[in-house]
Structures are given as C-alpha cells and as structure tokens.
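I have placed the structure first, in the form of structure tokens, so that the comments after it can refer back to it.
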Amino acid sequence: MLTPKERLSKAMQREAVDRAPCICPGGMMNMVTADLMDEVDIYLPAAHSDAVQMAALARAVYEQGCFENYGLPFCMTVEAEAMGAEVNMGSQIYEPHVTGYVIDTVSDWRKLKEADVNTGRSKVVLDALSILRKETSDIPIIGNLTGPVSIAGSLMEPIVFYKELRKNNKEAHAYMEYVTRQLIAFGRAQVAAGADIIAISDPSGTGEILGPKFFKEFAVTYLNQLLDGIRKENLKTIVHICGRMSQVYREVDEVSSDALSFDSIVSLKEARSHLGDRILMGNVSTYALEFGQPEKVKALTRNCLKNGSDIISPACGLGMKSPLENVQAISACLKEEA
Amino acid sequence: MSLKKELLKHLSDGVVEMEEEEVAEAAEKFLEAGYPAFDGIMEGLVDGMNRASKLYEEEEYFVTDVLLCSDAMYAGLDILRPHLAEEEDEAKIKGVIGVVEGDTHDIGKNLVKIMLETAGFEMIDLGRDVPLQQFVEKAREEGAQLICMSTLMTTSMGGMETVIRMLDEAGMRGNVKVMIGGGPISQKYADKIGADGYSSNAVEAVKLAKNLLSIA
C-alpha cells in the first residue's frame, strides 16, 4: 500500500495510484474545527502563535482521520503581519483577520519593511514545520502561502488597491513585485524547514473581481513569479483560486503550479473540459461539510471523483462548527470506493 | 442635440468610461446652464451607473470597473446633490448594510451598497467586521426597512442567524426585510436561517430589495 506521501506525490505527477488522495492544505483552506480542538485539547487562537501547539493540531488533523496530510498555518494573516499589518488573532470560532492597514496607496510600497521570516509568527510556522519534519517521512507536509494579490489587498484598503491597478498601473506592479519578493523568501524558508508541498491561495485575485485582463496581468503574473521563485526539485505546488472560472480558464491554465484547486461554485466537469490534463483538486462543498450529513458528504466525494478530480479536498476553508464525522466522511468514502 | 442632452450624455458616458474629472466638469456645466440638478442625477449619473451595471451583468465589466464607475458617479453627485430642490431630496427608504463580525471582506458589500444607492435607497454603511448587535441598533435608530448582511467566510455566517434572532427578540422582525449574500451563502442557507432573501450579486440584490419592499 502507498504511504499518504507517496500517493499524493504520484497523484500530482499523474502516476497510477491505488485511490485518490484526500487532503486539506491549511492556510486559507483551514481544516481545524471545534470538534477537532476538543479531541486533542489544543485550541485556537493560542495555536496560531505557538509552534508546538500548531504542529500538534496539524498532526491531529491526520491522526483523527480527517485528511491525509499535515498542513499549516491555519490562517492567511502571517505574511501580512510580517509586512506590518495589524492583525486581530480571532477566537475559537473566528479566523485571524487584518484590522489595520499599513499604506494608503500602492505608491507607498517603499515604506513597507522587508519581512523577517525568523521572527514572530513566521518563525512559529517554520518551527512547526521543523517539528513535523523530524517526526514523519510518510505524511506529506504542506506549507501555505497567501497569494500576492490577496496580500497586496491586506496591506492597504483593497478597494483603493483594485482601482489603482488601472489608475496607477506602474506603481501597482512595483508594489506587487515587493509583495512577491517577500512571499518567495517565506516560501523558500518553509521548504527549507520541511514542507514537501507549498499551497498558495489567492482569494482576492479572482477572475470575477479583476476580469480576464487584470487577472492575467496581476494574479497570474505574480503567482507565476512566486512559483518560479520557490521552485525546487521534488517540491510540488498547489494554487487555489476562488470564484467562478468561466471567464478566465485560458488564463488559469497559464498558472504554472503542479495542481489547481477550485471552490465549489466551479463544476469540475467543466473545469476538466477546459483544462485538459492539468492536475485538478477539489471540491467538496464546505456547506455540506458543516450543515450536511456524512452520507451527503460521501455522495459529493463520489461526484468529485466521477467528474475528474485527481486530489479530493474541501472546496474552501472548513467552518469551525463542521462535525468531525462529516469531515471524516471524505476520507472514509475514498477508502470504501478503493 | 440640445446642450442639455449633450451634457446628460457626458455625465452618463463619463460614468460608464470611469472618467471622474470629466463627470465633475459636465456636472458643473450642467448647473451653470441652469438645468435642474435632479435631471442631471437621474438622467445622467444614474443612467450611466445603470449602463455600467448592465455591462457588469453581461460580464463585460468586472468589479474593478464598477468601482471606478461609481467613483465617477459619486464625483458628479457631490456637485449636483447640494442643488436639489428640497422636495426632490425627500426621505428615501433606508437600509443598513455591513459585513458580519469575524470577516473583513467587503468588496461585495460595497458593490451592493453602490447599486442600491444608485437605485434610490439611502444606505447606512456599518463597514466590516460589524458586531452583530449593531445591525439591530442602527436599524432601530434609523428606522431602516432593510438590513443587508454579507460574509465570505463560512466561519462567520452563523452571525446572520444571530442577527435575525436578535431582531425577533427586539420585536423588530416584522418591520425590516433581511437580505444576505456572500461566497458561502445560498438561497438554502437564507431559508434555513429565516432571512427574507438571498442574492448572488449586486444587480440581483437591487431587484430583490425592490421586490421585498414592493417597489416598482
């Protein structure tokens, strides 16, 4: 039998597998739930800032039969905080979120500091990765990055940022280069600390918000710059993009990650028809995971398989109140089907 | 083309083409020529914003475009609105709008606000990460007939149900219509928590609001 790491690695290279892997990367795609925290008696928000607790929660996700990977962190604010944004650390129910911006316009990007990956929560993430690396060789470890457009829209008012893509185009690009450079440094450090896979989620850089032209000019360009910057032998990458794809399939296909992940609004059958032999990941509805029954989750899982998903995962971050038995139903279903 | 028609066209086109300065200039000229501000707003600015919404609906325009169109519209409104005759600036239907506690994604909320204002509603914007009690308090204070809530996060959607319960407890549920929207939200969820309606985008939100409040 394949180890979870072998299975995922093979699936990401389109090699034969005994069954589809079942993962949830972490980062924006949060997989920590209230039930899970109760099981292991480790809680957010404390675990956002403590490497030992963070590693233990990531481990629990696998050990409690939820997903066949370790993944961290459990939010998308680590990078923005390292670049100076004020962050509210959230609660057991709410995720951490940015509450204070650093700059007023893209032109001010030079005032932003160079992020130091060896301090603060960046260091927590790296330490947690190192802890997990020492413990396992069979479970794939996924490090997460927030995508360039989303970070750019976390350091300043996103509405102003979006407008300046057009109105202040040159400085907007300079700002994006800065952001991407910081993310490359953090991504490389995560790989050095032990990540087998880097997953990038860019929820603010969608085709629906930007339209095809800006999606290509800003989202795709800097995702690829980031992917190029962290590329390394044996490192695999996943990019998750939110929202509808119908307007931007051609542009999405240019994203040079190993796998592409979509949210549940995207029909995988339709995605498959536009994206040829790309490795696709997704996309079990997080609504069903929170409010449905295990049988419903299993039916959706089978549907993902039928529609050509190579890696089964939730379509988005899990709601904190998702019952453990629902979350476990994805993996259980894949084992039954095998 | 008469001068009035020409200026109205400038106002409308300027909004569609996102030309803030040209709209402001056309608005000044419109007033100088002695035409009623009300016409400039309705037949110029709002007409332009409606055309922009249509382009958005047809997926010719995207969120970034609509935001810039609305900047142009507001630039014109700032100039024309002080010149409205009193009876034209009459009481509008009020609504409160915000992103519920736990979430700061407010682009969708801002779009809905813009579209509802274009459609003639007076929207009180509570912003983002809004404490749930505030929806209820503000609605009472302002005599709002509409409450619009959004979130992009599964983790914070439960707050919408809490607000509806608070409205019940405050005896206000009968006086306001509750509309919800955002990434993880669906009609099914709206039904589940007893909201009056769900819409999947800003243009639909206007139709829904008019429908709920029986406005033609």
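For the record, the sequence lines run as chains D and H.
End of the first sequence = 355 in the numbering used here, gap-free, step of one.
End of the second sequence = 266 in the numbering used here, gap-free, step of one.
Beta carbons: idealized from backbone N, C-alpha and C, even for Gly.
These numbers were taken from a predicted model, which means no experiment stands behind them.
Beta-carbon contacts of residue i that lie in its chain and below 7 Å, excluding the five residues immediately before and after
i, result
"S147 (chain D)", "A210, G211"
"I243 (chain H)", "M210, E211, I214"
"L317 (chain D)", "V301, S302, A305"
"S171 (chain D)", "A97, A102, V115"
"G325 (chain D)", "L285, K286, R289, L297"
"Y192 (chain D)", "V123, W126, A169"
Pairwise C-alpha distance: residue j and residue i
i, j, result
"S330 (chain D)", "G299 (chain D)", "5 Å"
"D121 (chain H)", "V272 (chain D)", "32 Å"
"V78 (chain D)", "M337 (chain D)", "13 Å"
"A257 (chain D)", "G221 (chain H)", "What sits at residue 257 (chain D) in the sequence shown is His, not Ala. Whole-angstrom Cα-Cα distance: 44 Å."
"V226 (chain H)", "N160 (chain H)", "21 Å"
"Y111 (chain H)", "K22 (chain D)", "43 Å"
"E85 (chain D)", "F232 (chain D)", "32 Å"
"E307 (chain D)", "E69 (chain H)", "45 Å"
"E250 (chain D)", "T201 (chain H)", "39 Å"
"V65 (chain H)", "E188 (chain D)", "25 Å"
"M369 (chain D)", "H114 (chain D)", "There is no way to answer for residue 369 (chain D), as the model of chain D reaches only from 18 to 355."
"S284 (chain D)", "C350 (chain D)", "20 Å"
"P175 (chain D)", "E354 (chain D)", "44 Å"
"K104 (chain H)", "G126 (chain H)", "20 Å"
"G160 (chain D)", "R76 (chain D)", "13 Å"
"H133 (chain H)", "A141 (chain H)", "16 Å"
"I230 (chain H)", "V150 (chain H)", "10 Å"
"M165 (chain H)", "L262 (chain H)", "16 Å"
"K257 (chain H)", "I235 (chain H)", "18 Å"
"G82 (chain D)", "S348 (chain D)", "7 Å"
"S339 (chain D)", "R36 (chain D)", "25 Å"
"V237 (chain D)", "G224 (chain H)", "48 Å"
Chain-ordered neighbours of residue i on chain H, where CB pairs are closer than 9 Å
i, result
"I176 (chain D)", "L117, D156, I157, N160"
"T303 (chain D)", "T204, P234"
Chain H contact residues for residue i, given Cβ-Cβ distances below 7 Å
i, result
"F231 (chain D)", "T114"
"R183 (chain D)", "T114, L118"
"M336 (chain D)", "Checking the sequence, you will find Gly at residue 336 (chain D) rather than Met. Chain H residues near G336 (chain D): T204, T205."
"E307 (chain D)", "T204"
Cross-chain neighbours of residue i in chain H, by beta carbon under 8 Å
i, result
"L227 (chain D)", "F112, V113, T114"
"G299 (chain D)", "Near G299 (chain D) there are no residues of chain H at all, since even the closest Cβ is about 15 Å away, more than 8 Å."
"K180 (chain D)", "T114, L117, L118, D121"
"C333 (chain D)", "T204, G233, P234"
Cut-off 8 Å between Cβ atoms - residues of its own chain near residue i, not counting five sequence neighbours on either side
i, result
"V34 (chain D)", "L19, R24, K27, A28"
"R190 (chain H)", "A220, M222"
"K128 (chain D)", "V119, I120"
"A76 (chain H)", "L57, H60, L61, G64, G94, G126"
"S66 (chain D)", "M106, R138, V141"
Closest residue to residue i among the options (Cα-Cα distance)
i, options, result
"A276 (chain D)", "D:E342, D:L297, D:C259, D:T122", "D:L297"
"A255 (chain H)", "H:F80, H:L57, H:L196", "H:L196"
"L162 (chain D)", "D:F203, D:N186, D:E342, D:P175", "D:F203"
"E358 (chain D)", "D:K151, D:A191, D:Q345", "There is simply no residue 358 (chain D) to check, as chain D begins at 18 and stops at 355 in what is shown."
"Y87 (chain D)", "D:M262, D:K187, D:C39", "D:C39"
"Q264 (chain D)", "D:C321, D:E250, D:A288, D:K128", "D:A288"
"G101 (chain D)", "D:G107, D:V134, D:G82", "D:V134"
"T136 (chain D)", "D:A37, D:S221, D:A68", "D:A68"
"K163 (chain H)", "H:D179, H:D153, H:G152, H:D175", "H:D175"
"T254 (chain D)", "D:F235, D:R295, D:R261", "D:R295"
"G170 (chain H)", "H:K79, H:K260, H:D128", "H:K260"
"D327 (chain D)", "D:L292, D:F178, D:E152, D:M262", "D:L292"
"S274 (chain D)", "D:M262, D:K352, D:Q242, D:D280", "D:Q242"
"V113 (chain H)", "D:K140, D:C83, D:E225", "D:E225"
"G222 (chain D)", "D:A99, D:R261, D:L61", "D:R261"
"V186 (chain H)", "H:T154, H:L217, H:E167", "H:L217"
"E17 (chain D)", "D:Q310, D:V49, D:E181", "What the structure shows of chain D is the stretch from 18 to 355, and residue 17 (chain D) is not part of that stretch, so it cannot be assessed."
"A194 (chain H)", "H:D115, H:F88, H:I143", "H:I143"
"E192 (chain H)", "H:E172, H:M92, H:Y239", "H:E172"
"S278 (chain D)", "D:P42, D:D52, D:E32", "D:P42"
Cβ neighbours of residue i in the same chain (closer than 6 Å, five flanking residues each side left out)
i, result
"T116 (chain D)", "E103, N105"
"G246 (chain D)", "I201"
"I59 (chain D)", "Q70, A73, L74"
"I158 (chain D)", "Y87, L149, G211, A212, D213"
"G98 (chain H)", "S62, V65, V66"
"E107 (chain H)", "V253"
"M123 (chain H)", "V65, L95, M99"
"F80 (chain H)", "L57, G90"
Interface partners of residue i on chain D, CB under 7 Å
i, result
"E283 (chain H)", "No statement about residue 283 (chain H) is possible, as the shown extent of chain H runs from 51 to 266 and does not include it."
Chain D contact residues for residue i, given Cβ-Cβ distances below 9 Å
i, result
"D153 (chain H)", "Y111, E112, H114"
Neighbouring residues, chain D, relative to residue i (Cβ below 8 Å)
i, result
"D175 (chain H)", "Near D175 (chain H) there are no residues of chain D at all, since even the closest Cβ is about 12 Å away, more than 8 Å."
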